[in-house]
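For the sequence shown, this note's numbering assigns the number 407 to the last residue and increments by one with no breaks.
Cβ coordinates follow ideal geometry from the N, Cα and C atoms, glycine included.
Here the structure is a predicted model, which is why all the values come from computation and not from measurement.
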Amino acid sequence: MDPAVRAALADELLAALPAACPGSSAALVGSLAAGTADAYSDIDMAWQVPASDFARCVDGARRTLGRVGPLLSLRSDPEHAGTPGHRLLFAAFRGLPLFWRLDLTIRADAGAQATVPAGSAADPWSPAASALANAVAVVKAVRRSRPDTARGLLQRGLRRVGAEPVVTGVWRTDVARLVAAAVAAEPGQQRLAAAVDALAAEWLPR
């Protein structure tokens with residue numbers, strides 16, 4: 202993994218988001234902004250948009266992000282789904298490491314009532330897709346030598362899809378079991394699951 206590729210992706214996103222919504226602005230936040238990112242860090246970004254265009258910007262997010270690169274998945278955090286003027290999207294791009302997920306916070310400018318999105322910006326919330334995101338985070342935690350973090354992430358992912366939260370510490374086997382449980386719970390997640398399987402095969406020891 203070349204962090205320069207991630208930096209180039211971030212630059213493209215920083216250009217594409219304001220271009221799609223005049224009067225908006227985008228900025229890096231989190232570890233990339235602070236200069237503390239490692240090779241596994243994701244891309245955290247904040248997109249501030251005019252309140253009058255909030256719905257249009259959110260509803261068009263899939264198209265906007267797709268101009269930067271083909272999307273493997275696009276999810277919306279359900280905790281913010283009903284919050285006026287605030288959404289949180291998670292985007293994974295095809296052909297890029299799943300570690301480099303985009304976490305995009307979209308906020309409307311204060312002082313005016315934000316328009317209401319139609320709700321179709323992202324895929325429907327899926328416990329299985331969320332469990333697969335946990336699997337990616339497990340791989341990341343193992344690579345960072347944080348076994349306790351990996352264990353907790355794995356247990357939460359297994360619980361999301363109704364599987365026994367048993368962790369052996371043989372990480373590749375554990376992640377494979379989580380991926381299989383996610384697909385069993387929701388077969389429609391097979392494409393994302395295959396990408397997670399490939400990630401684990403590349404980055405976790407046998």
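_I believe residue 397 touches residue 391 by the beta-carbon criterion, under 8 angstroms. Please report the beta-carbon distance rounded to the nearest angstrom._
Counted from its first residue, the sequence shown places residue 397 at position 196. Counted from its first residue, the sequence shown places residue 391 at position 190. With a Cβ gap of about 11 angstroms, residue 397 and residue 391 do not count as contacting.
*May I have the straight-line CA-CA distance separating residue 236 from residue 339, to the nearest angstrom?*
Your numbering for residue 236 matches position 35 in the sequence shown. Your numbering for residue 339 matches position 138 in the sequence shown. One C-alpha to the other measures close to 23 angstroms.
*Element boundaries [beta strand (DSSP E), containing residue 293]*: Start at 1 with the first residue of the sequence shown, and residue 293 comes out as number 92. Looking at the DSSP string, the run of the beta strand (DSSP E) that includes residue 293 is 287-294.
*Indicate whether residue 245 and residue 229 have their beta-carbon atoms separated by less than 8 angstroms.*
Locating residue 245 in the sequence shown gives position 44, where the first residue counts as 1. Locating residue 229 in the sequence shown gives position 28, where the first residue counts as 1. Yes, these two residues count as a Cβ contact at 8 angstroms.
_Best match in 327, 283 and 278 for proximity to residue 306 [C-alpha to C-alpha]_ = One-based indexing of the sequence shown puts residue 306 at position 105. Closest option to residue 306, Cα to Cα, is 278.
*Taking the alpha-carbon positions, what's the residue 231 to residue 238 distance?*
The sequence position of residue 231 within the sequence shown is 30, counting from 1. The sequence position of residue 238 within the sequence shown is 37, counting from 1. Spanning the two alpha carbons is a distance of roughly 8 angstroms.
_Beta-carbon gap between residue 263 and residue 287 smaller than 8 angstroms_ = Translated into positions along the sequence shown, residue 263 becomes position 62. Translated into positions along the sequence shown, residue 287 becomes position 86. The answer is no: Cβ separation not under 8 angstroms.
*Which same chain residues, not among the five before or five after residue 227, have their C-beta less than 8 angstroms away from its C-beta?*
Counted from its first residue, the sequence shown places residue 227 at position 26. Here the set comprises 214, 215, 218, 219, 246, 247, 248 and 249.
*What is the residue span of the beta strand (DSSP E) that residue 331 lies within?*
Against the sequence shown, residue 331 aligns to sequence position 130. Unbroken run through residue 331 is the alpha helix (DSSP H), 328-344; no beta strand (DSSP E).
*Counterpart residues of residue 276 in DSSP-defined beta bridges*: What you label residue 276 is simply residue 75 of the sequence shown in a count that begins at 1. Paired residue(s): 291 and 324.
*Between the segment 354-370 and the segment 323-338, are three or more C-beta pairs nearer than 8 angstroms?*
Note that the segment 354-370 touches the segment 323-338; at least 3 beta-carbon pairs, one per stretch, sit closer than 8 angstroms.
*Under 8 angstroms between C-beta atoms of residue 186 and residue 335*: Residue 186 falls outside the range modelled here, since the chain spans only 202 to 407, and no answer is possible.
*Cβ of residue 377 within 8 angstroms of any chain C Cβ*: The displayed structure is made up of one protein chain only, and chain C is not part of it.
*To which residues of the same chain is residue 256 closer than 6 angstroms at the C-beta, ignoring the five residues directly before and after it?*
Working through the sequence shown from its first residue, we reach residue 256 at position 55. Non-local C-beta neighbours of residue 256 in its own chain, meaning closer than 6 angstroms and more than five positions away in sequence, comprise 316, 317 and 318, ordered along the chain.
*Beta-carbon proximity check, residue 345 vs residue 368, cutoff 8 angstroms*: Position 144 of the sequence shown, counted from the start, is the residue given in the question as residue 345. Position 167 of the sequence shown, counted from the start, is the residue given in the question as residue 368. Inclusion of residue 345 and residue 368 in the CB contact set at 8 angstroms is not warranted, their separation being larger than that value.
_Here's the rule: buried if 16 or more other CB atoms are within 10 angstroms of the residue's CB, otherwise exposed. What is residue 146?_
In this structure the chain extends from 202 to 407, so residue 146 is not present and cannot be described.
*Tell me whether residue 376 is buried or exposed, calling it buried when 16 or more other Cβ atoms sit within 10 Å of its Cβ.*
Reading the sequence shown from its first residue, position 175 is the one you call residue 376. It counts as buried.
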